Amino acid sequence: MGSLAEPLPITAPDPMQPTPYRVVATHPESADVTTLSLVPVDAALPVALPGQFMTVWVFGVGEIPISVSRMGVAGEVLLTVRTVGRTSAAMVGSAVGDVMGLRGPFGTAWPVAAAAGRDIVVMAGGLGIAPLRMAIDALVAAQAGQVTVILGTREPAQLLFGADLDRWRAAGASVHVTVDAADRTWNGAVGTATAMLQRLGVHHDMAFVCGPEMMMTSGARAVIALGAQPHDVWVSLERNMHCGIGHCGRCQLGPHLLCRDGAVVRWDTVDELLEVRGR
Amino acid sequence: MNEIRDALASHPFFSGLDERGLATLAAFTFVRDVPAGEWIARTGAHADVFHAVVHGRAGIEIHAADREPLVVATVHTGEVIGWSWFMEPHRWHFDVIALDAMRMLDLDAAQLRAACAADHELGFHVADQLTRVLAARLEATRHQLVDIYGIAR
């Protein structure tokens with residue numbers, strides 16, 4: 001399947017062997033979302049590229065895949081996690097000093113270099129902003145082409161990374177936030193990310209979209225309706241990723257193993273697959 | 280009258296209308312400035328005006344007795360408020376409040392419906408544009424209904 005993003009080589013010495021990392025800080029982002037800052041106990045894993053993920057083993061609880069929210073210095077990894085099940089709850093409830101096992105980084109990356117000099121819209125829904133953080137950082141740093149960021153979330157209290165939004169605006173990006181519902185104190189838009197894109201009504205050469213599949217489908221189609229080519233629209237698909245190296249098959253979407261061939265994929269390679277119920 | 284005709288022509292909802300259509304609408308269109316906090320429509324009230332937003336922001340609200348009013352959509356510059364005026368029983372389904380100071384083009388709904396019935400080209404344009412508004416609102420409502428940012432179950 002050469003139509004997907006080129007799978008990146010697995011750079012960890014043994015991709016199935018967890019590497020111990022220690023929690024050095026916790027940053028509550030909202031009522032049920034926390035960013036953990038982890039540093040290697042000994043050797044660090046390779047640096048994750050924007051859009052890649054790692055698996056996190058909470059000892060005695062379980063292992064789950066988490067997109068890398070940001071890379072710090074000296075091997076520091078920032079992971080933003082929402083309480084969904086037992087393992088994610090254990091991560092959100094972790095304390096400074098706790099040790100977890102990380103594997104990775106795995107998967108494909110947002111094609112940031114291909115966006116050079118092009119107008120790009122980055123659409124994020126809910127926690128989908130986390131895997132896009134490093135990509136947006138790189139795009140605004142490159143200052144090539146207009147960068148538009150559209151962030152949709154359920155309600156104002158669940159808005160993530162407010163300081164990042166301000167920083168991206170200051171760097172010249174056009175940043176728009178919309179929520180599904182709000183009271184009158186909310187001084188912004190209420191509606192879908194797609195509606196915000198349609199309100200802007202401008203053509204973008206390229207798009208990165210990450211969020212719930214329904215949101216990505218709607219957003220990708222709207223970007224294309226405004227003139228983008230389907231092969232210039234990229235989405236991040238998640239399934240039940242487990243091994244991270246394309247062996248176990250739990251993340252299969254049609255012919256693709258998303259832990260290896262994704263999570264970042266070109267829209268025109270998956271749009272029809274997403275129409276199939278049960279995939 | 281030319282000022283109103285020009286305002287209609289530059290509003291996205293009416294763009295593409297020919298001179299005859301614009302002149303017809305201009306005859307029963309009025310410019311209205313609305314301060315922030317003023318009600319534009321109330322649930323159950325007679326929907327006798329079609330509002331096209333020139334600038335500003337309005338909130339479409341649901342109100343229930345046991346909870347605070349909830350803004351479920353905002354309407355912005357270049358968009359329109361409501362479709363209740365178009366179909367019977369011509370009663371507003373939601374409350375609409377100006378969240379910012381607004382300028383609107385107010386079209387008399389009864390005259391607009393009559394104009395659409397008399398001039399099917401104008402009527403198709405209005406129905407086509409309203410359908411696009413309804414389709415977008417339906418999709419937004421569907422996303423809210425399934426709570427797409429919630430935890431999958």
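Chains A and B supply the protein sequences, listed in that same order.
Take 1 as the starting number for the first sequence in my numbering and just add one per residue.
Take 280 as the starting number for the second sequence in my numbering and just add one per residue.
C-beta: ideal position from N, C-alpha, C; glycine also.
Note that the coordinates shown come from a computational prediction; the quantities given were computed from them, not determined experimentally.
- B:Cys-395 sits in a helix when the DSSP states are folded into three classes.
- With the criterion set as a beta carbon lying under 8 Å from some beta carbon of chain A, the members of the segment 389 to 418 of chain B are Ala-415, Glu-418, in sequence order.
- Under the three-state reduction of DSSP, A:Leu-45 is assigned to coil, being neither helix nor strand.
- When C-beta distances to chain B are compared with 8 Å, the residues of the segment 204 to 226 of chain A below that value are Gly-211, Pro-212, Met-214, Met-215, Ser-218, in chain order.
- The DSSP-derived three-state label of B:Trp-364 is coil.
- The three-state secondary structure of B:Leu-304, taken from DSSP, is helix.
- Taking a contact as a CB-CB distance under 8 Å, the pair A:Arg-70 and A:Met-134 counts as one, their CB atoms being some 6 Å apart.
- Cβ atoms of A:Pro-50 and A:Val-112 come within 8 Å of each other, at about 6 Å.
- The shortest CA-to-CA distance from B:Glu-340 to any of B:Val-333, B:Gly-316, B:Asp-327 is the one to B:Gly-316.
- Going by beta carbons, B:Val-313 and B:Met-381 fall inside the 8 Å limit.
- About 19 Å separates the Cβ atoms of A:Met-215 and A:Asp-232, ruling out a contact at the 8 Å cut-off.
- Judged by DSSP secondary structure, A:Leu-151 falls within the beta strand (DSSP E) whose first and last residues are 147 to 153.
- The segment 134 to 153 of chain A and the segment 168 to 175 of chain A touch, with no fewer than 3 CB-CB distances between them shorter than 8 Å.
- Under the rule that a run must span 4 or more residues, the alpha helix (DSSP H) segments found entirely inside the segment 103 to 180 of chain A read 133 to 142, 162 to 170.
- Per DSSP, A:Ser-88 is one residue of the alpha helix (DSSP H) stretching across 86 to 92.
- Pairing A:Val-92 with A:Val-99 gives a Cβ-Cβ distance that is not under 8 Å.
- DSSP, reduced to helix, strand and coil, places B:His-404 within a helical segment of the structure shown.
- Looking at the backbone, the Cα of A:Leu-132 and that of A:Arg-266 are separated by about 15 Å.
- Nearest CB-CB separation between B:Ile-427 and chain A: below the 8 Å threshold.
- Contact with chain A is absent for B:Glu-317, since none of that chain's Cβ atoms lies less than 8 Å from the residue's Cβ.
- Following the DSSP letters along the chain, one finds A:Gly-219 inside the alpha helix (DSSP H) bounded by residues 213 to 225.
- For B:Thr-353, the C-beta contacts it makes with chain A under 7 Å involve Ala-189, Val-190, Gly-191, in order along the chain.
- Not flagged as an interface residue toward chain B: A:Ala-114, since no C-beta distance is shorter than 8 Å.
- Among the residues facing chain B, A:Gly-126 is included, as its CB has a counterpart in that chain under 8 Å away.
- Among the CB atoms of chain B, none fall inside 8 Å of the CB of A:Trp-234.
- Taking a Cβ-Cβ cut-off of 9 Å, the neighbours of A:Asp-180 in chain B comprise Val-351, Ala-419, His-422, Gln-423, Asp-426, Ile-427, Tyr-428, given in sequence order.
- In the DSSP assignment, A:Glu-63 falls within the beta strand (DSSP E) that extends over 62 to 71.
- By the criterion of a C-beta distance shorter than 6 Å, A:Leu-38 is surrounded in its chain by Tyr-21, Val-23, Val-77, once the five residues flanking it on both sides are discounted.
- Residue environment: B:Thr-410 is assigned as exposed (fewer than 16 neighbouring CB atoms within 10 Å of its CB, all protein chains considered).
- Rounded to the nearest whole angstrom, the C-alpha separation of A:Gln-158 and A:Val-68 is 19 Å.
- Fewer than three pairs of CB atoms, one per stretch, sit closer than 8 Å, so the segment 212 to 227 of chain A makes no contact with the segment 27 to 35 of chain A.
- By the Cβ criterion, the segment 357 to 371 of chain B is in contact with the segment 321 to 338 of chain B, since at least three pairs of Cβ atoms, one from each stretch, lie closer than 8 Å.
- Distances from the alpha-carbon of B:Glu-367 to those of B:His-325, B:Ala-343, B:Ser-294, B:Asp-379 put B:His-325 closest.
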